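First the structure, in the form of structure tokens, and then the observations on it.
Numbering (my numbering), first residue to last: 104 to 273.
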């Protein structure tokens with residue numbers, strides 16, 4: 104699938120997950136949807152959105168031809184895309200502080216969400232061409248299972264320490 108189209112599908116699914124629980128209040132959506140505006144919830148939405156997007160991509164590709172080495176590059180991207188989003192999004196706060204305009208903040212957030220998926224898609228294409236070893240497969244499965252566990256677990260039970268410590272608390 105074209106990485107630009109895949110990134111748009113990812114962005115669309117991310118937006119659905121961003122507002123899905125808020126609009127419906129359906130409790131079964133809680134593990135996948137954002138339930139507040141925390142960084143963690145955005146990482147969780149990125150994870151699930153990329154996994155669901157890869158599932159859609161698989162259904163499209165499987166109808167055309169059987170893809171060799173399809174899932175492991177995508178599972179690795181599913182683990183990594185939340186962290187690409189995190190790294191890229193924090194460029195603006197690092198350089199400019201708080202963005203005062205809601206529209207500029209939204210444009211930045213949407214651009215970064217889309218851009219993170221583009222980078223993941225580029226990395227997938229390279230990884231697809233590589234020899235996937237048993238060690239790689241085991242590592243990817245460990246990361247995907249642990250990530251899914253943490254995103255679900257910490258939705259219901261927040262960890263005792265946040266991503267950033269508030270200096271006023273110290």
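Every residue gets a Cβ at the ideal spot worked out from N, C-alpha and C, and that includes glycine. Since the model is a prediction, treat every value here as computed from it, not as a measurement.
| Item | Value |
| --- | --- |
| Inter-residue Cα distance where the pair is residue 215 and residue 204 | 16 Å |
| Beta-carbon proximity check, residue 68 vs residue 112, cutoff 8 Å | Given a span of 104 to 273 for the chain in the structure shown, any question on residue 68 remains unanswerable. |
| Span separating the alpha-carbon of residue 234 from that of residue 174 | 13 Å |
| Span separating the alpha-carbon of residue 153 from that of residue 201 | 28 Å |
| Stretch pair the region 229 to 246 + the region 124 to 135: three plus CB contacts closer than 8 Å | no |
| Opening and closing residue of the alpha helix (DSSP H) in which residue 134 lies | No alpha helix (DSSP H) contains residue 134, which DSSP labels as neither H nor E. |
| Neighbour-count burial assignment, residue 183, 16 or more Cβ in a 10 Å radius | buried |
| Residue burial classification, residue 140 (beta-carbon count within 10 angstroms, cutoff 16) | exposed |
| Cβ neighbour criterion (16 or more within 10 Å) applied to residue 177 | buried |
| Per-residue burial, residue 131 [other beta carbons within 10 Å of its own, 16 or more giving buried] | exposed |
| Residue interval of the alpha helix (DSSP H) (run including residue 228) | 205 to 231 |
| Whole-angstrom distance between residue 222 and residue 189, CA atom to CA atom | 13 Å |
| Alpha-carbon spacing of residue 262 relative to residue 252, whole angstroms | 13 Å |
| Through-space distance from residue 259 to residue 144, alpha-carbon basis | 11 Å |
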